[in-house]
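Shown next, in structure tokens, is the structure this report addresses.
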Amino acid sequence: MQRLSVAVLGAGGLVAQRLQQRLANHPWFELGAVAGSTRYLGVDLDKVPWILQDERPSLPSLKVVDASSRSTVEALAKAGVSVAFSALPSEEARHLEPMWVEAGIKVFSNASTFRRHEGVPFVIPEINPDALTEQSGGQLRHACATNCTLLPLILPLAALHETYGLTGYTMRSEQGLSGGGHAYMEAAIAKGRVESTIPGEAEKTEAELRHLLGWNGEANLDCQRVMRRDGHHVFVEATFSEPTNAA
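Residue numbers (the working numbering): 152 to 398.
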């Protein structure tokens with residue numbers, strides 16, 4: 152099976168390097184390019200500081216190219232790069248991801264920028280895989296992942312809602328430092344404390360669940376950062392229109 156040549160948008164961040172790690176020796180995808188900002192432009196990929204706790208995998212001999220250069224993007228498309236997995240920050244994604252799409256490269260984004268935009272599928276495969284074709288008119292070019300906090304919340308609630316009819320829920324999250332990015336995580340570890348408030352996190356999580364489930368019930372969310380390096384815990388109580396007692 153011939154593997155698809157793909158790019159990662161982002162070189163030195165936590166999400167970008169997690170994507171690089173996941174693509175190493177992947178059976179379907181071959182890492183054909185890593186595109187980043189001027190900070191690492193022209194740097195050999197194996198010379199970019201590796202910030203994950205896991206060991207750096209064996210990656211292709213690539214130099215970081217300019218994610219913002221239209222000519223570079225067009226050259227990658229001509230060279231056979233057909234998919235880009237984006238770890239760009241939201242503001243950079245707003246300006247750069249459409250350029251990659253216009254060059255003919257399909258973009259799968261982790262940024263919040265284009266979530267719930269018309270014509271850009273907003274997908275959790277276990278819940279709405281058909282959105283990849285239905286919302287893009289059969290010509291998928293740009294798709295978005297959800298907020299990470301949503302996943303452990305919506306996966307069980309979606310299944311329960313289908314059977315019992317979700318009427319309301321409360322959710323409290325405890326979210327690790329890595330969700331704030333590498334610089335935030337290192338600063339918090341150095342100080343030995345963290346600001347627990349995560350501006351906008353509860354609002355995003357609530358809105359995304361409503362969008363994906365087409366649901367309009369009562370919700371109360373509280374998202375907090377805690378002094379753990381990785382991982383999220385969510386604590387959920389839910390009410391339903393049908394009895395949930397086991398027979």
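Beta carbons are placed, not taken as given, at the ideal position from N, Cα and C, and that holds for glycine.
Quick caveat: nothing in here was measured; it's all calculated off a predicted structure.
Worksheet item: Thinking just about the alpha-carbon of each residue, which of 318, 268, 263, 307 is nearest to the one in residue 354?
Response: Residue 263 is the option with its Cα nearest to residue 354.
Worksheet item: Three-state secondary structure (DSSP) at residue 304?
Response: In this structure, residue 304 counts as helix in the three-state DSSP scheme.
Worksheet item: So, helix, strand or coil for residue 315, using DSSP?
Response: Residue state, collapsed to three classes: helix.
Worksheet item: Does any heavy atom of the ligand MN sit closer than 6 Å to the C-beta of residue 235?
Response: For the structure depicted, the ligand MN is absent and the ligand set is empty, with no information on it obtainable.
Worksheet entry | For residue 250, three-class secondary structure by DSSP | Residue 250 falls in the helix class under three-state DSSP.
Worksheet item: Whose C-beta lies closer than 7 Å to the C-beta of residue 156 among residues of the same chain, with five residues either side of it excluded?
Response: For residue 156, where only same-chain residues beyond five positions count, the Cβ hits under 7 Å are 181, 183, 231, 232, 233.
Item to complete: State the CB to CB distance for the pair residue 308 and residue 358, rounded to an integer number of angstroms; the pair is presumed to be in contact (CB under 8 Å).
Response: With a Cβ gap of about 15 Å, residue 308 and residue 358 do not count as contacting.
Worksheet entry | residue 386 in three-state terms, based on DSSP | In this structure, residue 386 counts as strand in the three-state DSSP scheme.
Worksheet item: Going along the chain, which residues of its own chain have a beta-carbon closer than 6 Å to the beta-carbon of residue 326, five neighbours each way excluded?
Response: Contacts found: 376, 383.
Worksheet entry | As assigned by DSSP and simplified to three states, the class of residue 191 | Here residue 191 sits in coil by DSSP.
Practice prompt. Identify whether residue 293 lies in helix, strand or coil by the three-state DSSP scheme.
Written response: Residue 293: strand per DSSP, three-state reduction.
Practice prompt. Could you spell out the range, first to last residue, of the beta strand (DSSP E) harbouring residue 372?
Written response: DSSP places residue 372 inside the beta strand (DSSP E), whose first and last residues are 369-376.
Practice prompt. Name the residue from 171, 175, 177 whose alpha carbon lies nearest to the alpha carbon of residue 202.
Written response: Closest in alpha carbon position to residue 202, among 171, 175, 177, is 171.
Discussion item. Just verifying my parser: in three-state terms, what is the DSSP assignment at residue 164?
Written reply: Looking at residue 164 - three-state DSSP - the assignment turns out to be coil, as it is neither helix nor strand.
Worksheet item: Do you know how far the Cα of residue 351 is from the Cα of residue 322?
Response: When rounded, the distance between both Cα atoms is 15 Å.
Worksheet item: How would you call residue 336, buried or exposed, if buried means at least 16 neighbouring beta carbons within 10 angstroms?
Response: Buried: at least 16 other Cβ atoms inside 10 Å.
Discussion item. Is the beta carbon of residue 315 closer than 7 Å to that of residue 393?
Written reply: Yes, the Cβ-Cβ distance between residue 393 and residue 315 is below 7 Å.
Discussion item. Quick check: the Cα distance between residue 344 and residue 385, rounded to an integer number of angstroms?
Written reply: Their backbone Cα atoms lie some 21 Å apart in a straight line.
Item to complete: Could you say if the region 188-199 and the region 265-273 meet the contact criterion of at least three C-beta pairs nearer than 8 Å?
Response: Contact annotation: the region 188-199 does not touch the region 265-273, with fewer than three C-beta pairs closer than 8 Å.
Item to complete: With residue 224 as the anchor, note down where its beta strand (DSSP E) starts and where it stops.
Response: Taken as a continuous stretch (DSSP letters only), residue 224 belongs to no beta strand (DSSP E), being part of the alpha helix (DSSP H) at 221-229.
Worksheet entry | Reduced DSSP secondary structure (H/G/I, E/B, other) of residue 169 | Three-state DSSP puts residue 169 in a helix.
Discussion item. Please report the distance separating the alpha-carbon of residue 398 from that of residue 318.
Written reply: Confidence at residue 398 is low in this model, with a pLDDT of 49, below 50, so the placement of that residue should be treated as unreliable; the coordinate-derived value is given next. Per the coordinates, the alpha-carbon of residue 398 lies some 21 Å from the alpha-carbon of residue 318.
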